[in-house]
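In my numbering, the protein residues as written are 425 to 906.
To start, the structure under review is shown below, and the notes come after it.
Written as structure tokens, this is what we have:
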């Protein structure tokens with residue numbers, strides 16, 4: 425929970441507006457009761473930035489969505505920022521609000537923000553009203569505001585002239601020292617918040633990370649991208665992979681366009697949403713094009729139990745079926761990002777939710793043209809759940825934020841292997857019913873680091889699902905055969 429001693433204010437903004445955002449930050453910082461959060465002031469070198477930003481958003485009392493004509497018209501920016509703000513707004517108690525649209529210059533308010541009264545920062549009256557609004561919210565959050573006298577103090581009257589008589593001296597009254605009020609103490613962090621702090625510490629050992637993941641599965645994991653939305657649809661945290669480029673695999677060159685990749689491997693909780701949905705696992709629509717004996721395929725029991733653990737024992741057919749189902753439920757969704765990804769991707773139009781091709785997977789894992797050997801750079805034993813960790817099992821997703829790829833995707837090496845869309849031998853072939861071995865990428869808890877680089881390829885029959893086989897999804901250019 426946020427510290428009630430100060431009003432925590434998150435500055436949600438476009439990088440192109442940094443000069444005025446810095447001025448806004450200084451303006452708010454000057455108030456003793458406001459604690460503004462700005463990425464360039466708070467993020468430390470080497471810190472997992474995505475986790476830190478999400479944590480700051482979650483802990484903020486108020487999210488200032490800063491708007492200019494440029495940021496509103498910039499493809500991708502405002503939709504992505506608004507989506508993040510609205511995600512946290514829906515968890516506010518009834519009667520409380522945590523969003524303030526803030527005009528840094530005169531501009532149109534995006535439709536999804538129009539339900540909230542906007543503030544201005546480009547004139548003196550607007551700045552005064554912004555502080556008044558923040559004071560109003562501070563009172564709602566029971567934050568003590570500094571007392572300001574409403575009227576000037578009244579001067580004491582002149583003393584009466586002395587009287588010519590002897591007055592017996594009296595003992596002086598005792599001096600009573602006012603007790604300084606103690607500042608409000610911050611409430612204890614929730615159990616989940618304490619666990620997240622441990623995860624973010626690179627020194628946390630493997631066995632402790634495993635225990636933390638199990639505990640989060642038990643108490644309810646609040647992270648985005650791990651569970652299921654209130655409407656029953658898996659809550660995928662989409663990350664932009666940009667820019668694109670060319671990638672060579674097995675002496676063949678593939679062009680990679682900018683796309684989105686899921687931050688985490690599909691969890692048991694998310695796959696269960698597919699299994700339990702009325703139009704889900706048993707619907708033959710998702711299994712078309714597969715051999716008849718796999719329409720649908722018999723589902724094997726999860727090997728390593730836990731809602732936040734990757735769905736294991738997955739065959740290629742099952743992974744494709746899940747992607748088809750989720751694609752159907754996301755038709756019309758627009759994915760946007762503050763990154764320069766070009767035109768926004770719209771599911772069912774110029775984008776499709778599916779398994780990644782292995783060139784898409786490798787491009788995301790190696791950081792594109794950075795060509796990292798491992799997603800995080802040089803080999804580090806404490807950065808992934810590989811055989812060196814000696815855990816001998818899959819653990820909850822995202823337990824190694826220090827091992828994330830450049831795009832922010834977690835566990836691209838370690839935990840479970842990940843199915844890719846194409847054949848192993850004929851790379852460009854994505855046929856559904858040819859029965860040829862399909863590509864697996866990444867590494868699992870049974871693989872040593874030496875066999876876990878971004879470029880190593882593995883394969884397996886599409887109808888089989890090993891104990892350490894899972895998958896993650898992308899939103900990328902449509903493939904007709906799917």
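Just so it is clear, CB atoms sit at the ideal spot from N, CA and C, and this is done for glycine as well.
Locate the beta strand (DSSP E) running through residue 812, then write down its first and last residues.
-> Looking at the DSSP string, residue 812 is not in any beta strand (DSSP E), and its letter there is neither H nor E.
Which stretch, first to last residue, makes up the alpha helix (DSSP H) that contains residue 683?
-> No alpha helix (DSSP H) contains residue 683, which is instead part of the beta strand (DSSP E) from 683-686.
Let me know the secondary structure DSSP gives residue 600 once reduced to three states.
-> With a pLDDT of 46 at residue 600, under the threshold of 50, the modelled position of this residue cannot be trusted, and the question is left open.
Out of 457, 475, 449, point me to the one whose CA is closest to residue 464's CA.
-> Among 457, 475, 449, the Cα nearest to that of residue 464 is on 449.
So which of 630, 541, 805 has the shortest CA-CA distance to residue 553?
-> Residue 553 has its Cα closest to that of 541, out of 630, 541, 805.
The stretch 788-796 contacting the stretch 845-855, beta-carbon criterion three pairs below 8 angstroms | Touching, no.
Is it buried or exposed for residue 900, if we count other Cβ within 10 angstroms and need 16 for buried?
-> The residue in question, residue 900, is buried, as its Cβ has 16 or more Cβ neighbours within 10 Å.
Going by the beta-carbon positions, is the gap between residue 864 and residue 882 smaller than 8 angstroms?
-> Less than 8 angstroms separates the beta-carbon of residue 864 from that of residue 882.
Assuming residue 739 contacts residue 839 under a Cβ cut-off of 8 angstroms, what Cβ separation, rounded to an integer in Å, is found between them?
-> Residue 739 to residue 839, Cβ: 18 angstroms. No contact.
Please check the pair residue 771 and residue 751, which I expect to be a contact at CB under 8 angstroms, by giving their CB distance rounded to whole angstroms.
-> With a Cβ gap of about 6 angstroms, residue 771 and residue 751 count as contacting.
Taking residue 880 as the reference, which of 644, 783, 895 has the closest Cα?
-> When only C-alpha atoms are compared, the closest one is 783.
Residue 669 bridges to which residues according to DSSP?
-> Residue 669 has 680 as its beta-bridge partners, per DSSP.
Cβ-based burial, residue 596 [other Cβ within 10 Å; buried from 16] = For residue 596, the pLDDT reaches just 49, beneath the cut-off of 50, and the residue's location in the model is therefore unreliable, leaving the point undetermined.
Backbone CA spacing between residue 648 and residue 835 [nearest angstrom] | Taking the straight line joining both Cα atoms gives about 15 angstroms.
Would you mind sorting residue 742 into buried or exposed? The rule is 16 or more other CB atoms within 10 Å of its CB.
-> Residue burial is scored here from C-beta neighbours: residue 742 has at least 16 other C-beta atoms within 10 angstroms and is therefore classed as buried.
Kindly indicate the opening and closing residues of the beta strand (DSSP E) around residue 527.
-> In the DSSP assignment, residue 527 falls within the beta strand (DSSP E) that extends over 523-527.
So which of 471, 437, 538 has the shortest CA-CA distance to residue 489?
-> Answer by Cα proximity: 437.
Answer yes or no: do residue 778 and residue 869 have a C-beta to C-beta separation smaller than 8 angstroms?
-> For residue 778 and residue 869, no; Cβs fall outside 8 angstroms.
Looking at C-alpha atoms only, which residue of 875, 842, 858, 675 is the closest neighbour of residue 893?
-> Residue 893 has its Cα closest to that of 842, out of 875, 842, 858, 675.
Among 535, 897, 700, 567, which residue has its Cα nearest to the Cα of residue 656?
-> Taking only the C-alpha atoms, the option nearest residue 656 is 700.
Could you check how far apart the C-beta atoms of residue 486 and residue 522 are, in whole angstroms? I think they sit under 8 angstroms.
-> Contact flag correct, Cβ pair sits at about 6 angstroms.
Would you call residue 748 buried or exposed, if buried means 16 or more other Cβ atoms sit within 10 Å of its Cβ?
-> Residue environment for residue 748: buried (at least 16 other C-beta atoms within 10 angstroms of its C-beta).
Under the rule that 16 or more other beta-carbon atoms within 10 Å means buried, what is residue 493, buried or exposed?
-> Classification of residue 493: exposed, given that the 10 Å Cβ count is below 16.
Buried or exposed (CB count within 10 angstroms, at least 16 for buried), residue 692 = Note on residue 692: 16 or more other CB atoms within 10 angstroms of its CB, so buried under the neighbour-count rule.
Output the distance between the C-alpha atoms of residue 728 and residue 817, rounded to the nearest integer angstrom.
-> Approximately 7 angstroms between the Cα atoms of the pair.
For residue 545, name the three-state secondary structure that DSSP assigns.
-> When secondary structure is reduced to three states using DSSP, residue 545 falls in the coil class, being assigned neither helix nor strand.
Check whether the Cβ atoms of residue 637 and residue 820 lie closer than 8 angstroms to each other.
-> Yes, the Cβ-Cβ distance between residue 637 and residue 820 is below 8 angstroms.
What are the boundary residues of the beta strand (DSSP E) that includes residue 748?
-> Counting along the chain, residue 748 falls outside any beta strand (DSSP E), though it belongs to the alpha helix (DSSP H) covering 740-753.
Buried or exposed: residue 875, going by 16 or more other Cβ atoms within 10 Å of its Cβ?
-> Residue 875 comes out exposed.
Given that a residue counts as buried once 16 or more other Cβ atoms are within 10 Å of its Cβ, and exposed if not, what is residue 618?
-> With fewer than 16 Cβ atoms within 10 Å of its Cβ, residue 618 is classed as exposed.
For residue 434, write down the residues that DSSP places opposite it in a beta bridge.
-> BP columns for residue 434 point to 461, 487.
Which word fits residue 669, buried or exposed, when buried means at least 16 other C-beta atoms lie within 10 angstroms of its C-beta?
-> Taking a 10 Å sphere around the C-beta of residue 669, we find fewer than 16 other C-beta atoms and assign the residue as exposed.
Go through its chain and collect everything with a Cβ distance to residue 573's Cβ below 7 angstroms, but skip five positions before and after it.
-> The predicted position of residue 573 is uncertain, since its pLDDT is 42 and thus under 50; a value taken from the coordinates is nonetheless stated next. Excluding residues up to 5 positions away in sequence, nothing lies with its Cβ nearer than 7 angstroms to the Cβ of residue 573 in the same chain.
Own chain, CB closer than 7 angstroms to residue 513, minus 5 neighbours either side, in chain order | For residue 513, the CB contacts under 7 angstroms within the same chain, skipping 5 residues up- and downstream, are 522, 523 in chain order.
State yes or no: is the C-beta of residue 735 within less than 8 angstroms of the C-beta of residue 891?
-> Their beta carbons are not under 8 angstroms apart, which means residue 735 does not touch residue 891 by this criterion.
Which stretch, first to last residue, makes up the alpha helix (DSSP H) that contains residue 785?
-> First-last of the alpha helix (DSSP H) with residue 785: 782-789.
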